[in-house]
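Note sheet for the following structure.
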Amino acid sequence: MSLIADYGFVLLVLACAFGFFMAWGVGANDVANAMGTSVGSRALTIKQAILIAMVFEFCGAYLAGGEVTETIKNGIVDATVITPDLMVLGMMSALLAAGTWLMVATAKGWPVSTTHSIIGAVIGFAAVGVSMDAVQWGAIGPIVASWVVTPFLSGLVAFGLFMSVQKLIIDTDEPFRNAKRFVPLYMFVTGFMVALMTVTKGLKHVGLHLSGNQGILLALGVGVLVMLLGMAILSRIQVDTEADKGFHYASVEKVFAVLMVFTACSMAFAHGANDVANAVGPLAGIVGVIQSGGAADIAAKSAVPGWVLLLGAIGIVVGLATYGYKVIATIGKEITELTPSRGFAAELATASTVVGASAIGLPVSTTHTLVGAVLGIGMARGIGALNLGVIGKIFMSWIITLPAGAILAIVFFEILKAIFA
């Protein structure tokens, strides 16, 4: 008798528990990417940031989380080479390994990549526990390349956005009036980018299938709505001459603080859509194998069940609420000094890069993308604006993450094999 036939229900319950643990780690460590800049620039308090992230992370994970989940589930290991029993135990060990590493990193306040953690863990169990042929090495190339390309891209976009803010608003004779004029346009771009991602990729899970043109029209509509809502809020902000005497741009930064709320929401949504895959990708693979009675090739083609995305979404929210504040402090306050206008440029650049990557199914690291964007902002102000000691620690934790995930996965894989042998 096979392992799945004997212990199917036990394995399913354990897999769900490990998947939830991994999702908790994603929430605790990675959601700082969505909220760190808002908190660091004082546009939001920690409590407000956590509340906003809970709503939008959940929506992003549940509505738009399916596309990247497919890459993690099927794109890294070859389901035809691995027996169904080993596939289930391996994916379980990968979830446990990645979740454990995220717990350690979060306790230290390191913003590491949950994507690196899970991919390292999946490669570890497949290459050492099964055989080198079980890993689809060809698929690893684009994923690894994206880890270098995305921080660079988001850094460039953030640099460009920040320079446009300087040119159009801050370095003008009437910065406050120009802020009110141009910030609604930035709001439109923010609304449009995230809506486009949602309608074209995500709404299949809730049974809405739109054509490309319909999706673009709907996204344009959402962008206009966000812009109008922003204009209504901005019309209430008055020039604070007293504050402006002490800090020339206090009123302008108030306008950007409103914009930061919008970018924080979009960033949380984009993050939920991309990074829920790290927790539910392996879990979806396990569920598929167990439900098909051990047919790994059928399981590889199966859709991601809605309840699996739901479990991942809830796990992310719980992780954020219980332990998310540690890494938020690192990203928001320790890399470079952020104001709302700087934080906005970093967040919009990151959301755009992550949304683009999710659209083509590339599991990029939101952490790398955001840190790249914050570095881009720092570079725009000169190298002296960066805290190089903190950046060095962050880079070191990135290098350690992949091997740490792989080694832990191999250890847990051997333990699980010994228990169920």
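With positions in the sequence shown counted from 1, the corresponding number in the working numbering is that position plus 28.
For every residue, glycine included, the Cβ atom is placed at its ideal position computed from N, Cα and C.
Original post:
Opposite V163 in the DSSP bridges: which residues?
Top reply: V105
Original post:
Can you check whether the CB of G148 is closer than 8 Å to the CB of G433?
Top reply: yes
Original post:
When you compare each of F86, V289, A45, I388 to H299 by their alpha carbons, which one comes out closest?
Top reply: F86
Original post:
Does DSSP put T364 in a helix, a strand or coil?
Top reply: In the three-state reduction of the DSSP assignment, T364 falls in the strand class, which pools E and B.
**OP:** Return the Cβ separation of M403 and S174 in integer angstroms, given the expectation that the two are a contact with Cβ distance under 8 Å.
**Re:** Going by the sequence as given, residue 403 is Leu instead of Met. Not quite, the Cβ-Cβ distance comes to about 17 Å (not below 8 Å), so this is no contact.
**OP:** Name the two residues that bound the continuous alpha helix (DSSP H) containing T128.
**Re:** 112-136
Subject >> Sub-8 Å separation of T143 and N306 beta-carbons >> reply: yes
Original post:
Of all the options A77, A51, I197, which has the alpha carbon lying nearest to the alpha carbon of A126?
Top reply: A51
Subject >> Strand pairing of L414, partner residues [DSSP] >> reply: T364, per the DSSP bridge assignment.
**OP:** Report yes if the CB atom of I356 is closer than 8 Å to the CB atom of M63, and no otherwise.
**Re:** yes
**OP:** Could you tell me whether the segment 152-170 touches the segment 359-376, where touching means 3 or more Cβ pairs closer than 8 Å?
**Re:** no
Original post:
Is the beta carbon of K445 sitting closer than 8 Å to the one on L117?
Top reply: yes
**OP:** Under 8 Å by Cβ, that's how I've got T429 and S145 pegged, so tell me the actual separation to the nearest angstrom.
**Re:** 6 Å
**OP:** Determine the direct distance from the alpha carbon of G240 to that of G384, and round the result to whole angstroms.
**Re:** 15 Å
Subject >> Every unbroken alpha helix (DSSP H) inside the segment 334-378 [4 residues or more] >> reply: 334-351, 353-357
Original post:
Candidates A437, I265, M120, L91: which alpha carbon is nearest L39's?
Top reply: M120
Subject >> Helix, strand or coil at I171 according to DSSP, with G and I counted as helix >> reply: helix
Original post:
If you draw a straight line from the C-alpha of D303 to the C-alpha of A89, how long is it?
Top reply: 8 Å
Original post:
Roughly how many angstroms lie between the CA atoms of A162 and D106, to the nearest whole one?
Top reply: 5 Å
Original post:
So what does DSSP say about A149, is it helix, strand or coil?
Top reply: helix
**OP:** Give me the Cβ distance between G55 and V345, rounded to the nearest whole Å; I'm assuming they're in contact under 8 Å.
**Re:** 6 Å
Original post:
Roughly how far, in whole angstroms, is the beta-carbon of L311 from the beta-carbon of L123, given that I think they are within contact range, below 8 Å?
Top reply: 7 Å
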